[in-house]
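See structure below.
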Amino acid sequence: MKIAEAVRRMGLADTYQDPHWSKAVKVTDNAVAFSTGPTVTDVRQVTVADVLRALFSGAASGGAYGPGMHGAHGRRASWESLAALAGVQETDITAIEEAAGRCGWLFYTSDWHMRVIPPLDVGVTALRPDRRTVAVLSVTDAD
Numbered sequence: 287m288k289i290a291e292a293v294r295r296m297g298l299a300d301t302y303q304d305p306h307w308s309k310a311v312k313v314t315d316n317a318v319a320f321s322t323g324p325t326v327t328d329v330r331q332v333t334v335a336d337v338l339r340a341l342f343s344g345a346a347s348g349g350a351y352g353p354g355m356h357g358a359h360g361r362r363a364s365w366e367s368l369a370a371l372a373g374v375q376e377t378d379i380t381a382i383e384e385a386a387g388r389c390g391w392l393f394y395t396s397d398w399h400m401r402v403i404p405p406l407d408v409g410v411t412a413l414r415p416d417r418r419t420v421a422v423l424s425v426t427d428a429d
């Protein structure tokens, strides 16, 4: 399943007016490919807890060779990232959790990911509550 198909199944409109563009944008896999690479594999719907776990893992560990932020700072960074993906500027964890709970969430992999250490290849897509906005986060690690 492709990302555009998955987000349509979750209720995304096929065409929407992007506030940063002067024309309507059609949601297609080619449009998503700019962020994910041309070949997307393994798209699956996930929970907010799954997303927060992936964000914390990356922030706390710092990748294959990075120093990482460890516990408390990693938790803070993961909540800040979750807020950004959900499209809110809240700092209150309860407000972030509520906003994230109104989003639809997908994990994906693509040929953009380097696959040096597969657990460090993360693809997250957030379908925001307006069902017209998608946020994409792609992370990989390379030698």
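For the sequence shown, the working numbering assigns the number 287 to the initial residue and increments by one for each residue that follows.
Backbone N, C-alpha and C fix where the C-beta goes; we use that ideal spot for every residue, glycine too.
Span of the alpha helix (DSSP H) around residue i
i, result
"residue 346", "334-347"
"residue 365", "356-372"
Cα-Cα separation, residue i to residue j
i, j, result
"residue 386", "residue 398", "26 Å"
"residue 334", "residue 384", "10 Å"
"residue 325", "residue 395", "9 Å"
"residue 375", "residue 369", "6 Å"
"residue 377", "residue 419", "21 Å"
"residue 391", "residue 332", "5 Å"
Cut-off 7 Å between Cβ atoms - residues of its own chain near residue i, not counting five sequence neighbours on either side
i, result
"residue 428", "400 and 402"
"residue 364", "338, 341, 342 and 345"
Chain-order list of residues whose beta-carbon lies under 8 Å from that of residue i (same chain, five-residue window excluded)
i, result
"residue 371", "337, 386, 389, 410, 412, 421 and 423"
Per DSSP, the bridge partner or partners of residue i
i, result
"residue 412", "391 and 421"
"residue 330", "393"
Neighbourhood of residue i by C-beta, 6 Å cutoff - its chain only, sequence neighbours within 5 removed
i, result
"residue 373", "414"
"residue 330", "393"
"residue 317", "With a pLDDT of only 47 at residue 317, under 50, the local geometry of the prediction cannot be trusted, and no value is derived from it."
Are there three or more Cβ pairs, one per stretch, closer than 8 Å when the segment 346-363 is compared with the segment 409-417?
-> The answer is no - the segment 409-417 does not touch the segment 346-363, with fewer than three Cβ pairs under 8 Å.
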